[in-house]
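Structure, as structure tokens:
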Amino acid sequence: MKLNKLSLLGILGLSSFAAQGYELTQIGSGLSIPWSIEFVDKNTALISERNGSIVELNLDSGSKQALFKPDNVEASGQGGLMDLAIHPKHPQTIYLTYSKETSSGPKTTLASFHYQGGEVTDFKELYVSNTRSSSGRHFGSRIAIDENDHIYFSIGDRGTRDNGQDLQLDSGSILRLNGDGNSPKDNPFAKTKDGLDSIWSYGHRNPQGITFDKQTGQLWAIEHGPRGGDEINLIQKGANYGWPITSHGKEYWGPLKVGDAEHMEGIESPKLVYVPSIAPSGMVLYRGKNYPKLNGKLLAGA
Numbered sequence: 173m174k175l176n177k178l179s180l181l182g183i184l185g186l187s188s189f190a191a192q193g194y195e196l197t198q199i200g201s202g203l204s205i206p207w208s209i210e211f212v213d214k215n216t217a218l219i220s221e222r223n224g225s226i227v228e229l230n231l232d233s234g235s236k237q238a239l240f241k242p243d244n245v246e247a248s249g250q251g252g253l254m255d256l257a258i259h260p261k262h263p264q265t266i267y268l269t270y271s272k273e274t275s276s277g278p279k280t281t282l283a284s285f286h287y288q289g290g291e292v293t294d295f296k297e298l299y300v301s302n303t304r305s306s307s308g309r310h311f312g313s314r315i316a317i318d319e320n321d322h323i324y325f326s327i328g329d330r331g332t333r334d335n336g337q338d339l340q341l342d343s344g345s346i347l348r349l350n351g352d353g354n355s356p357k358d359n360p361f362a363k364t365k366d367g368l369d370s371i372w373s374y375g376h377r378n379p380q381g382i383t384f385d386k387q388t389g390q391l392w393a394i395e396h397g398p399r400g401g402d403e404i405n406l407i408q409k410g411a412n413y414g415w416p417i418t419s420h421g422k423e424y425w426g427p428l429k430v431g432d433a434e435h436m437e438g439i440e441s442p443k444l445v446y447v448p449s450i451a452p453s454g455m456v457l458y459r460g461k462n463y464p465k466l467n468g469k470l471l472a473g474a
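With the working numbering applied, the sequence shown covers 173 to 474.
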């Protein structure tokens with residue numbers, strides 16, 4: 173039987189993949205909590221390590237070298253250097269997210285830099301969360317870029333549940349920005365005082381996977397619930413995804429359910445719920461011919 177090959181840094185459930193006819197090849201090792209991987213070309217990948225380093229990996233030899241370490245990354249708790257995303261039209265432009273050390277606690281931050289020929293230049297800080305919190309939890313931080321060059325990225329509720337319903341805070345939300353960090357004029361709250369002009373959707377607990385379906389233009393997200401209740405959501409402009417009013421999860425300290433209900437009028441319900449939790453991370457929607465059985469499928473790490 174001819175095997176397709178998936179090159180991965182590491183994966184659980186290897187026997188399951190092997191049974192489906194896929195071969196797994198380790199291409200790198202010795203990394204410190206790798207959080208994101210972006211393929212620059214067929215020979216090179218960039219990897220973020222949560223301790224604050226960006227690593228350049230040679231896909232042929234497996235050799236790696238430290239490329240860049242942004243200043244003021246607070247690598248504690250669940251925070252640190254998080255996502256990397258290559259601009260699809262301008263591949264020398266790399267976006268990144270991290271928890272920034274500030275006097276009012278670590279804040280989810282979006283930045284960009286120019287990468288070419290193994291060199292990093294023109295580092296720019298584009299957006300810093302307005303939420304003040306000393307918590308080391310729920311930074312979100314995943315990035316997706318649409319066909320019109322808008323940058324979407326997630327911020328978790330930072331461990332304070334009510335933040336998800338406070339439209340004057342950006343925590344518990346998915347944001348939509350222009351490439352320079354400013355808010356587009358057609359964002360749902362851009363022309364009102366009801367919410368921040370950067371917010372695209374809200375009522376999220378901790379979304380750590382967001383991805384576009386290039387065929388339909390739909391934006392999908394996967395997020396951590398509490399004890400049970402991890403969700404996959406189809407993200408709509410200005411929509412409320414319920415946290416903490418609605419949830420399928422339970423309290424960590426006992427059998428009581430979180431929230432007032434699992435579903436409620438005016439709140440978007442998840443397309444899929446995981447009970448028990450799977451602790452989801454990054455997610456992509458695969459469109460291609462190399463793996464026909466995976467075409468149109470959402471693939472998530474957990």
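We put the CB at the ideal spot given by N, CA and C, even for glycine.
The model shown is predicted, which means the values in this text are computed figures rather than measured ones.
How is residue i classed by DSSP in three states: helix, strand or coil?
i	result
G381	strand
D334	helix
L239	strand
K363	coil
L466	helix
N244	coil
L368	coil
P260	coil
K461	coil
I199	coil
S233	coil
K214	coil
S345	strand
E291	strand
D255	strand
M173	Residue placement at M173 is flagged as unreliable, the pLDDT there being 31, under the threshold of 50; the coordinate-derived value follows with that caveat. Coil at M173, not helix or strand.
S355	coil
S179	Its pLDDT being 43, under 50, S179 is placed unreliably by the model, and nothing is read from it.
Note the first and the last residue of the continuous beta strand (DSSP E) segment covering residue i.
i	result
F311	Premise fails: F311 is in no beta strand (DSSP E) and is neither H nor E.
N302	That residue, N302, is in no beta strand (DSSP E); it is neither H nor E in DSSP.
Q250	From DSSP, Q250 is part of no beta strand (DSSP E); its letter is neither H nor E.
N230	I226 to N230
S326	I323 to I327
Tell me the DSSP bridge mates of residue i?
i	result
M455	A472
K296	S284
S220	S208 and I226
K279	K272
T265	H286
S373	I346
Do the stretch 422-432 and the stretch 385-395 make contact, defined as three or more Cβ pairs closer than 8 Å? no
Between the stretch 456-466 and the stretch 404-420, can you find at least three pairs of beta-carbon atoms closer than 8 Å? no
On the three-pair Cβ rule with 8 Å, is the stretch 348-365 touching the stretch 428-436? no
Which runs of the beta strand (DSSP E) at least 3 residues long sit entirely within the stretch 392-452? Give them in chain order. 402-407 and 444-446
Count Cβ pairs between the stretch 317-326 and the stretch 206-216 that sit closer than 8 Å; are there 3 or more? no
Contact between the stretch 351-360 and the stretch 285-293 is defined here as three or more beta-carbon pairs at a separation below 8 Å; is this criterion met? no
How do the stretch 265-272 and the stretch 247-254 stand: do at least 3 beta-carbon pairs fall below 8 Å, yes or no? yes
Should the stretch 325-335 be called in touch with the stretch 299-308, which here means at least 3 C-beta pairs below 8 Å? yes
Determine, using beta-carbon pairs with one atom in the stretch 218-238 and one in the stretch 307-314, whether at least three such pairs fall under 8 Å. no
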